[in-house]
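As C-alpha cells, the structure follows; a few thoughts come after it.
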Amino acid sequence: MRVLVLALCAAAAHDALAFTPAMSLTPSRVGSPGISRGSPLNAPGVARKQPFLLPARAESLLPQKAAAADIEQNSNLAPWRQNLDLKGWADEMRAIEKKYRDNQSEEDVKHMKKMLSWSYILYAIGLATAPFAILPWNPISAICISTAICVRWTMIGHHVSHGGYSAQVGIDNRFHRSKFGRGPVRRFIDWCDWMQPEAWDVEHNYMHHYELGEKSDPDLLERNAHNVRIQKIPLPFRYAQMLSLMVMWKWFYYSPNTLKEMYDRQQKLAEKKGKTVVQPFQLPVAPGGFDPATKACTVKYVIGEMFKLNFLPARVLFTSLAPYFTAHFVLTPLVFYVLFGQVAAVTALVNLFAAEILTNIHSFIVVVPNHAGEDVYRFETPVKVKSDEFYLRAVIGSANFRTGGNVNDFMHGWLNYQIEHHMFPDMSMLSYQRMAPEVKATCEKYGVPYIQENVFTRLHKTLEIGVGTKSMKVWERGD
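Everything in the sequence shown is counted per numbering that gives the first Met the number 0, starting at 0 for the first residue and increasing by one.
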C-alpha cells in the first residue's frame, strides 16, 4: 500500500518539477564578521560587495530624521542604545557561536532523529485511531496527527533545510539541505506539506532571515496586515479576521506567498543573465509606506485572477498544493475505505480535516509571534549581513518563548529559540537549547533587550499588531 501511496503522490507532484529552481537560493554561510567598531550608535561598517545570492545592503542605519547634533549626543536613542558596546557584545556572541558550532557532532543528529521518531509515533497513533469516533471527530486522533504535521515542518524540515546538520551528515545524506525534500518522492517522505520546499527556501531561509523585519521581509506582519489594521470596522471584527486566518494560513497564505517570492527571485537572477522568467503572481506595491515591497499573495488573489480568465497562478499553485492534498485527503481515506469500509473512511476524513485545522492553529501560534509585538523592532533600512548590527537585529527583532526540556521544546516546534536561530540559522536544535542561557546572560550583561515570554502572551501581542491597536518599534526612529 505504501508503494501505491508513493506512486500516486509522485504522479500528483510531477508537474511541480517544472517550477523548481535549478539550484538552492539560500546561503548557508554568508559573508564575514562585520567591521563595525562599537560606536554607541551602532554605526555599521563600510558597505561591501555581497556574495552572489545576497542583496546589496545599505550602509546607514542611524535615525534618519534626527539632527546631526542629536545623533552625535545620542539624545534621540532609547536609553539601552545610548552607551551600548556593540563590538564587545557581538564579539562575545561570535565566541558563543564558535563554541557550540565546534561542538556539534553525531549527538546532534541523533537528537534530531529522536525528535523525528516522536513525530512518527504521534502520527501513527493518530492514524490508528482515525477511523473511530464517539463525537463527530476523535480529539486524540486529530491532536496527534496535527502535532506530528506541525513539528515535522517547524523542527525537522525547518532546521534541516537551513543546513543545521549538513556538516555532520555529509552531502549524500537524506538530512543534508541539498537533498532533503527535493523531488516528488522525497517531498512526500521528507516534506509532505502545503509549501513547495524550494519556494520555502527562498521565502524563509533567504529573505526572512537575511532581511528580518525590513520592508522586504515577506513575514513582516505589520505590512501584511496593513489593510486589516486600517479598517474602519469594530475591533471584534478585525480580531475575527486574524483568528479566521489562523485556521487556514498555511495553504491560504504561506503556500502562494512562498511561490510568489520564489518567482521574484528567479526573475532577478534571470535578468542578470539577460533572460526572462514569467512571474505568475503579479501583486501591486504594498500600501502603508512599505514600498518597494509588494503585497503578500494569498488564495484570494489566485481566485480573483481566475475570474479574469488568468489561470496561470492557479496552475502554479496547484503544483504546490496537490501532493499534500492528495496524500492527506485522498489516499489516506482511500486506504481506510479499502481496509475497513465507508464508515471508517468518512470518520478518518473528518479527523484529518480536524487535524488540518488544529495544525494550522498550532503552527500559527508558534511561528507568527516570533517577530511581532509592540516590544519587537522592525527596520526601515538594510543591514550588512553578519555584521555586528546584523546579530543585534536578530535579537531585538525576535522573541523567544519558554525554553528548556525536550518535551517543552517539541511542543513549541523548537521555535522558542528564535533569537539564537536568527543569529546562527544553520545550527542544530540541540545547539540552540544549550546556548540559549549564555546568549540571554550576555544580552543582560550588555543591556540588550532579550524578549522571552509565554507563547500565549506573545500571541496576544501579535494579534494587537495584526488588528492595529499597537505598532512595532522602529529602529531608525531611535526607539
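Backbone N, C-alpha and C define an ideal beta-carbon position, used for all residues, glycine too.
C-alpha distance - residue i paired with residue j, whole-angstrom precision
i	j	result
residue 443	residue 472	20 Å
residue 397	residue 170	31 Å
residue 466	residue 336	44 Å
residue 252	residue 298	7 Å
residue 419	residue 254	26 Å
residue 279	residue 285	17 Å
residue 360	residue 273	43 Å
residue 70	residue 77	Reliability fails at residue 70, whose pLDDT of 43 lies under 50, so the model's placement of it is uncertain and no value is given.
residue 129	residue 421	38 Å
residue 381	residue 211	9 Å
residue 384	residue 231	40 Å
residue 103	residue 141	35 Å
residue 209	residue 158	16 Å
residue 479	residue 174	Outside the shown range of the chain, which is 0 to 478, sits residue 479, and nothing can be said about it.
residue 81	residue 271	42 Å
residue 474	residue 457	20 Å
residue 313	residue 394	38 Å
residue 399	residue 281	35 Å
residue 369	residue 340	44 Å
DSSP state of residue i mapped onto helix, strand, coil
i	result
residue 164	coil
residue 402	coil
residue 377	strand
residue 473	strand
residue 275	coil
residue 297	coil
residue 103	coil
residue 10	With a pLDDT of 38 at residue 10, under the threshold of 50, the modelled position of this residue cannot be trusted; read the value that follows with caution. DSSP places residue 10 in helix when its eight states are reduced to three.
residue 266	helix
residue 451	strand
residue 284	strand
residue 175	coil
residue 218	coil
residue 466	helix
residue 183	helix
residue 309	coil
residue 246	coil
residue 427	coil
residue 129	coil
residue 234	helix
residue 384	coil
residue 206	helix
Residue j beta carbon less than 8 Å from that of residue i
i	j	result
residue 350	residue 152	no
residue 176	residue 162	yes
residue 367	residue 461	yes
residue 376	residue 84	no
residue 229	residue 372	no
residue 207	residue 217	yes
residue 221	residue 430	no
residue 331	residue 353	no
residue 160	residue 204	yes
residue 283	residue 267	no
residue 79	residue 447	yes
residue 291	residue 187	no
residue 481	residue 258	An answer regarding residue 481 cannot be provided, because it is not within the stretch 0 to 478 covered by the chain.
residue 250	residue 199	no
residue 324	residue 214	no
residue 164	residue 107	yes
residue 329	residue 316	no
residue 227	residue 247	no
Cutoff 6 Å; reference residue i; Cβ partners in own chain excluding five residues on either side
i	result
residue 127	none
residue 441	91
residue 190	156, 180, 196
residue 201	24, 260, 261, 264
residue 358	145, 148, 149
residue 223	295
residue 132	346
residue 68	Residue placement at residue 68 is poorly supported in this model, since its pLDDT is 38, which falls under 50; the coordinates still yield a value, given next. Answer for residue 68: no residue qualifies.
residue 439	449
Proximity test, residue i beta-carbon vs the ligand MN heavy atom, cut-off 7 Å
i	result
residue 162	Looking at this structure, you won't find the ligand MN or any other ligand, since it has none at all.
Same chain only: Cβ atoms within 7 Å of residue i, ignoring 5 sequence neighbours per side
i	result
residue 105	167
residue 311	279
residue 434	95, 99, 419
residue 117	409
residue 269	275, 276
Residues near residue i in its chain [Cβ-Cβ closer than 8 Å; skip 5 each side]
i	result
residue 327	191, 351, 355
residue 114	150, 154, 155, 405, 409, 413, 428
residue 344	130, 332, 333, 335, 336
On the three-pair Cβ rule with 8 Å, is the stretch 382-390 touching the stretch 425-437?
no
Evaluate the contact criterion for the stretch 78-97 versus the stretch 405-416: three or more CB pairs, one atom per stretch, below 8 Å.
no
Segment contact, 8 Å Cβ cut-off, at least three pairs: the stretch 117-124 with the stretch 138-152:
yes
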